[in-house]
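Undergrad: Okay, handing you the structure first.
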Amino acid sequence: MLALLLAIALDCGWQGESAKPSEPVPATVAPPVPAAPAVVAPPAVETGFTALFDGTSLRGWIGDTAGYAVEDGAIVCQPKGTNLLTESIWGDFELRLEFKLTPGANNGIGIRAPRDGDAAYLGMELQVLDNSAEQYKSLKPWQYHGSIYGVIPAKREFQKPVGEWNAQTIIAKGGRIQVILNGTVIVDADITEAAAKGTIDGNDHPGLRRLSGHIGFLGHGDKVAYRNIRIRELH
Numbered sequence: 010m011l012a013l014l015l016a017i018a019l020d021c022g023w024q025g026e027s028a029k030p031s032e033p034v035p036a037t038v039a040p041p042v043p044a045a046p047a048v049v050a051p052p053a054v055e056t057g058f059t060a061l062f063d064g065t066s067l068r069g070w071i072g073d074t075a076g077y078a079v080e081d082g083a084i085v086c087q088p089k090g091t092n093l094l095t096e097s098i099w100g101d102f103e104l105r106l107e108f109k110l111t112p113g114a115n116n117g118i119g120i121r122a123p124r125d126g127d128a129a130y131l132g133m134e135l136q137v138l139d140n141s142a143e144q145y146k147s148l149k150p151w152q153y154h155g156s157i158y159g160v161i162p163a164k165r166e167f168q169k170p171v172g173e174w175n176a177q178t179i180i181a182k183g184g185r186i187q188v189i190l191n192g193t194v195i196v197d198a199d200i201t202e203a204a205a206k207g208t209i210d211g212n213d214h215p216g217l218r219r220l221s222g223h224i225g226f227l228g229h230g231d232k233v234a235y236r237n238i239r240i241r242e243l244h
């Protein structure tokens, strides 16, 4: 009888006092997938335009590269920055960019400029200036923002407040120079007469007779940022 009862118990799954409950099988954990490296998108460029700045480095620029830094996708002139120029040479062109001023900032955009020397005279310098600064209230008309320095005064009152981005277009075709600030034409002039008969500042500007040269930023001791810099050649 005892043997019969034992056989029945074993058949029902009883394993005796020494048996242990089955332990759960640990789940297999997949190794973490490494994150893909961040990709910095190049600046958007309109059809027909070429980017002069890749948004991350000063490749394609020469001159005072130590006086400028790349910050948050912009070329920023440092307090001791002087002239930063394109490696490439441009004659007739349309240049588009954005700039942001700090209070009292003074800078310039050089066009048709030589590699060395004062671009305001040996090329042309288009003023970049905080027109609202108190220290500039008594300047000559040809010293305010957008003016061809010493040659052609620009219309004023079209800048955005300091610290905001401004959009500017510069068109140079032969002797005609146009500057468009935030959608308003502030300079539209033919420099041929000034080159032949003298300038309003009374100085010699041999750069007015240049047909091509470098484009660049001309630092004067203040912090100014530039971004979305693109250009197309005109024929």
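Residue numbers (the working numbering): 10 to 244. All C-beta atoms, glycine included, are put in the ideal place defined by N, C-alpha and C. Since this is a predicted model, take the numbers as computed values, not measurements.
(1) Between residue 112 and the rest of its own chain, which residues show a CB-CB distance below 6 Å, the 5 nearest in sequence each way excluded?
(2) Excluding sequence positions up to five away, which residues of its chain have a Cβ less than 7 Å from the Cβ of residue 243?
(3) Given that a residue counts as buried once 16 or more other Cβ atoms are within 10 Å of its Cβ, and exposed if not, what is residue 208?
(4) Hey, residue 223 and residue 98: beta-carbon distance below 8 Å or not?
(5) Kindly indicate which three-state DSSP category residue 218 falls into: helix, strand or coil?
(6) Is it right to say residue 66 is buried, meaning 16 or more other beta carbons lie within 10 angstroms of its own, or is it exposed?
(7) Would you mind working out which of 74, 191, 241, 185 sits nearest residue 218, comparing C-alpha positions?
(8) Kindly list the residues whose CB is nearer than 7 Å to the CB of residue 72, restricted to its own chain and excluding five residues on each side of it in sequence; keep chain order.
(9) Exposed or buried, what is residue 75 when buried is set at 16 or more other beta-carbons lying within 10 Å of its beta-carbon?
(10) Out of 123, 121, 220, 162, state which residue places its alpha-carbon closest to the alpha-carbon of residue 188.
(11) Beta-carbon separation of residue 135 and residue 215 under 8 Å?
(12) Return the chain-ordered ranges of every beta strand (DSSP E) run that is complete within the segment 67-116 and spans a minimum of 3 residues.
(13) Just how far apart, CA to CA, sit residue 235 and residue 147?
(14) Which class does residue 136 belong to by DSSP, given the choice of helix, strand or coil?
(15) Could you tell me whether the Cβ atoms of residue 80 and residue 176 are closer together than 8 Å?
TA: Taking the structure as given:
(1) The count along the sequence shown starts at 1 and reaches residue 112 at position 103. So the qualifying residues of the chain are 171.
(2) Mapped onto the sequence shown, residue 243 falls at position 234. Answer for residue 243: 101, 102, 103, 182, listed in chain order.
(3) If you number the sequence shown from 1, residue 208 lands on position 199. By the 10 Å Cβ count, residue 208 comes out buried.
(4) The count along the sequence shown starts at 1 and reaches residue 223 at position 214. The count along the sequence shown starts at 1 and reaches residue 98 at position 89. Taking 8 Å as the Cβ cut-off, residue 223 and residue 98 qualify as a contacting pair.
(5) Numbered from 1 along the sequence shown, position 209 holds the residue referred to as residue 218. Of the three classes helix, strand and coil, the one that applies to residue 218 here is helix, per DSSP.
(6) For the purposes of this step, residue 66 is identified with residue 57 of the sequence shown, where counting begins at 1. Exposed is the call here.
(7) Within the sequence shown, numbered from 1, the residue matching residue 218 stands at position 209. Among 74, 191, 241, 185, the Cα nearest to that of residue 218 belongs to 185.
(8) By one-based count along the sequence shown, residue 72 stands at place 63. Short of 7 Å from the beta carbon of residue 72, and not among the five residues preceding or following it, lie these beta carbons of its own chain, in chain order: 92, 93, 94, 225.
(9) What you label residue 75 is simply residue 66 of the sequence shown in a count that begins at 1. Exposed, since its Cβ has fewer than 16 Cβ neighbours within 10 Å.
(10) The sequence position of residue 188 within the sequence shown is 179, counting from 1. Ranking the options by Cα distance to residue 188, first place goes to 162.
(11) As a working note, residue 135 is residue 126 in the sequence shown. As a working note, residue 215 is residue 206 in the sequence shown. Against a cut-off of 8 Å, the Cβ pair of residue 215 and residue 135 comes out as no contact.
(12) 70-72, 77-80, 83-86, 92-95, 102-110
(13) Here the question's residue 235 lines up with position 226 in the sequence shown. Here the question's residue 147 lines up with position 138 in the sequence shown. Cα-Cα distance, rounded: 27 Å.
(14) Against the sequence shown, residue 136 aligns to sequence position 127. Secondary structure of residue 136 (DSSP, three-state): strand.
(15) Taking the first residue of the sequence shown as 1, we reach residue 80 at position 71. Taking the first residue of the sequence shown as 1, we reach residue 176 at position 167. No, they are not a contact pair.
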